[in-house]
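Asks: Chains as they are written, first to last, in the numbering used here: chain A, 147 to 647; chain B, 147 to 647. Where is the CB? At the ideal position from N, CA and C, for every residue including glycine. Fair warning: this is a prediction, and the values are worked out from it, not measured in the lab. Attaching a single structure in structure tokens format; questions to follow.
Dropping the structure here:
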């Protein structure tokens, strides 16, 4: 393909994607294919000769598209959102067009430096303490990792390295391997599976401590676990706090837990993969009260902040902890100090290579502006609250627990089985997509506002689909609450989400 | 940005990138900026209001572009290539446009299945044994990882898990932690730094064994290391063979080493990050003779195979080894068997999330065709051989060792210092970019054909720049060899690289 052909096919691809988004409401959110559908459709061998370019786009529409679950559909309410925006795509095209790798500063100075700049921007927008930022005097700084999974593992490995160095300083005769085997990591039983996996990958026992009735891990529970393990001769090393759990989006109380970690010399990592984005709105920052106790903080800009995967934004208070753990060259600390303002990011992460990922963060921040991003978060939370009100007005349903961020959990009052049936039937219908979880031993359905396209009418559409399916399972009692849909105007002011954004 | 604005700005971005490539020869390959240049240029805080979209592209050209090292420039001869092509960009735009995450099959069936299909295609193109492929009857299969670093670490962790399970089967009373501490990994001293780092990250001692005079690790060296360690009570666990070392692109002899690993029950991982791409041409497959002994094989399609970073293609003979190591859900083996043809890739990798990366591999294979990809490899090797001939005709220079793939190492006969000076002076001129390495204790300059745009004239341009700089250091002796440039037509047939591809 020469550059003239690229101009043509590239623009046709831009139109294809724009059309896809313009007409996304015409598609079922879930596809109607069986496992193996594409293996049967596509040839077993690669083509020998190049195919006509237009044909590739046609193949995409005819073979790939039918097997897509439409995460950007307004009726996608499963998991948490995955970031996508036109602004992000512009950044990605620029990044792919340059095709540079930022293995060192001189391998492409702008690649390293734009990451520093945008991570300062984002860190300030989130209200992170100064010491986490690259622009502070100290050794703190931000870096883009591939995923929250990666960030959790990177910090676990750094915590392990830091702890063993501290212990060896006190007692150089220590058996390093045997001591490391005694290290223990902690998190709550509400953690994402990737946190548990970090323990497996990083060879550290990971204890999933029991959360309370509200899905929060309490300080006393953590303290007891530390004491229990120390009594066994084990060494507490790493703790992952969840700001916004995967199930019900509960928030651990950092201000309660932080001092305990500090006292014990345990690395406190904050996993705010989804909900962290909300901290760009000052009214939600109380949920990260005590953040100054954290050693590291991670949020996925590629979840709720309109940046395409992968862009996991991680900050550490002390980047030397990463460099000491990951730099196989063991460069002199003097060099590191000089480099502090222009970090050698390859020593802050697991792989050697790195894409120019900050470009998409940059285009998103510039094209939305801080206010545009805050509006996105606030609108989505408003829409979730609107959905919760619709559910609450139908007495066959219970909203439980209280909605958190853009997540609403609900169930049928008639029990777990019928709630599961409702979800199963809805999934089979393929018109909207939700997943379930457990709250206080009850099965609840999670409804998340995910797509940036979702507006008030879409929420009503989703609710009507749910209600209709519930009607099949439980005939609706005729009472005031059941007429929720016809009473929209009485619900008071909610943020209006612009369709065209 | 609404979809209409995206159509406009998206197309303007396509033109910007096409223009960039059309005019890439007008730029110095290396930028003229000092560390911190961008930190000074850009505002310290994110903009509050959205910026005009056109302005973002203008800012890109004015602030980012001056800080770019142009990896796709025909005069970029450093490291190894990083993949970039218009075909790959089309795949990326489609992937970003869909914005789906393939955490499970049903999270987007096509995302999992296209990866299966394209990895079968690529595995067959490379001539990998059937048992590595998803389409085989057995438990083998291919997956796209983020980088060769990640693949090396993933397999190290799987090897560790497999070994401990085997040992525990024989003796369930074993102390698991203490036994794991005895595991040792091996590679040659020519390995990429990421292999050494995998040992650090995966908590396994990694021994860098001495390679021979040709940069190859010999079977006897490995055997001796095994014996030595076993005598100390240690347990050989993992070996990384290098097919194409980072320095001089040497090839370990798998057929020699494989049987020794097999006998010892050591996991044999083959790191063919760069050179692996050449195996799509049958004439280079002799370099992977013995590949049937490998447990895992990795090559970066994002290096020499025109796919944009990240697309590291990894195959394993037994995917259960990965699932056993990484699946925190510990699902029943029966499920795994059913899923074998449609794998749950999240259990084959470290992170939970996964982008739709196979789309760009798919567009590249379809738009180039297998023959187009082979032509790319062959043309680049021919160009490297052409460069070698130019150097050899100048008696001030020595080409050493023999060129391998698209890499030519050379030095001035007058010694290391003057060779270093030559490289330093050339780097300061910024017109071409090469890096050095050590071969048989001599400093050599590495010249790699990297860009897909590089043609015969570009190679001549690069050589003339080198020659000119050498003239400043050593006056050229007037002899027949020195007139190489004027004798092109006598060099015989070499592959002609089409400018317009």
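Along the chain, where does the alpha helix (DSSP H) that runs through residue 339(B) open and close?
Replies: 339 to 347
Asks: Using beta carbons (cut-off 8 Å, strictly below), is residue 218(B) in contact with chain A?
Replies: Closer than 8 Å: yes.
Asks: Are the C-beta of residue 447(A) and some C-beta of chain B separated by less than 8 Å?
Replies: no
Asks: Give me the residue from 342(B), 595(B), 540(B), 510(B) with the minimum Cα distance to residue 549(B).
Replies: 595(B)
Asks: Assuming contact is defined by CB atoms lying nearer than 8 Å, are residue 494(B) and residue 528(B) in contact in what I supplied?
Replies: No, these two residues do not count as a Cβ contact at 8 Å.
Asks: By DSSP, does residue 225(B) sit in helix, in strand, or in coil?
Replies: coil
Asks: Would the segment 524 to 542 of chain B and the segment 460 to 474 of chain B be scored as touching if the rule is three or more Cβ pairs under 8 Å?
Replies: Verdict: no, contact absent.
Asks: Counting pairs of Cβ atoms below 8 Å between the segment 304 to 312 of chain A and the segment 450 to 467 of chain B, do you hit three or more?
Replies: no
Asks: Following the continuous beta strand (DSSP E) through residue 439(B), name the residue where it begins and the one where it ends.
Replies: Per DSSP, residue 439(B) lies in no beta strand (DSSP E) segment and is marked neither H nor E.
Asks: Residue 417(B) and residue 341(B): beta carbons closer than 8 Å?
Replies: yes
Asks: Which partner residues of residue 331(A) appear in the DSSP bridge assignment?
Replies: 352(A), 384(A)
Asks: With residue 461(A) as the anchor, note down where its alpha helix (DSSP H) starts and where it stops.
Replies: Residue 461(A) -> not in any alpha helix (DSSP H); beta strand (DSSP E) instead, spanning 458 to 462.
Asks: Output yes if chain A places a C-beta closer than 8 Å to the C-beta of residue 260(B); else output no.
Replies: yes
Asks: Provide the residue span of the alpha helix (DSSP H) that contains residue 156(A), from first to last.
Replies: 149 to 168
Asks: Got a sec: which bits of the segment 322 to 341 of chain B sit with their beta carbon under 8 Å from any beta carbon on chain E, in order along the chain?
Replies: Annotation note: the requested chain E is absent from the structure, which comprises protein chains A and B.
Asks: Hey, does residue 232(A) have any beta-carbon neighbour from chain B nearer than 8 Å?
Replies: yes
Asks: Taking residue 178(A) as the reference, which of 163(A), 404(A), 215(A) has the closest Cα?
Replies: 215(A)
Asks: For the segment 565 to 579 of chain A against the segment 217 to 226 of chain A, are there 3 or more C-beta pairs whose distance is under 8 Å?
Replies: yes
Asks: Of all the CB atoms in chain A, is at least one closer than 8 Å to the CB of residue 514(B)?
Replies: Any Cβ of chain A closer than 8 Å to the Cβ of residue 514(B) would place that residue at the interface, and such an atom is present.
Asks: With a threshold of 7 Å on Cβ separation, who are the neighbours of residue 164(A) within its own chain once the five nearest residues in sequence on each side are excluded?
Replies: none
Asks: Please classify residue 324(B): is it buried, with 16 or more other beta-carbons within 10 angstroms of its beta-carbon, or exposed?
Replies: exposed
Asks: Listing by chain order, which chain B residues have their CB less than 7 Å from the CB of residue 199(A)?
Replies: Ordered by position in chain B, the residues that pass the 7 Å Cβ test against residue 199(A) are 513.
Asks: Output, in chain order, the set of chain A residues within a Cβ distance shorter than 7 Å of residue 164(B).
Replies: 149, 152, 153
Asks: Is residue 591(A) helix, strand or coil when you go by DSSP?
Replies: strand
Asks: Give a yes or no on whether the minimum CB-CB distance between residue 188(B) and chain A is below 8 Å.
Replies: yes
Asks: Expressed to the nearest angstrom, what Euclidean distance is found between the alpha-carbon atoms of residue 268(B) and residue 558(B)?
Replies: 40 Å
Asks: My parser needs the alpha helix (DSSP H) runs of 4 or more residues fully inside the segment 248 to 332 of chain A; what are they?
Replies: Counting whole runs of 4 or more residues, the segment 248 to 332 of chain A contains the alpha helix (DSSP H) stretches 255 to 272, 294 to 316, 322 to 326.
Asks: What is the residue span of the alpha helix (DSSP H) that residue 533(A) lies within?
Replies: 504 to 538
Asks: Between which residues of its own chain and residue 184(A) is the CB-CB distance below 6 Å, once the five residues before and five after are set aside?
Replies: 213
Asks: Does DSSP classify residue 113(A) as helix, strand or coil?
Replies: Nothing can be reported for residue 113(A), as the shown portion of chain A is limited to 147 through 647.
Asks: On the premise that residue 450(B) lies in contact with residue 523(B), defined as a C-beta separation below 8 Å, what is that separation, rounded to the nearest angstrom?
Replies: 7 Å
Asks: Using the Cα positions of residue 592(B) and residue 246(A), report the straight-line distance between them to the nearest angstrom.
Replies: Going from the Cα of residue 592(B) to the Cα of residue 246(A) covers about 19 Å.
Asks: Could you tell me the distance, in whole angstroms, from the CA atom of residue 588(A) to the CA atom of residue 357(A)?
Replies: 15 Å
Asks: What's the C-alpha gap between residue 345(B) and residue 331(B)?
Replies: Approximately 7 Å, taken between the alpha carbons.
Asks: How is residue 467(A) classed by DSSP in three states: helix, strand or coil?
Replies: helix
Asks: Residue 162(A) to residue 621(B), Cα distance in whole Å?
Replies: 59 Å
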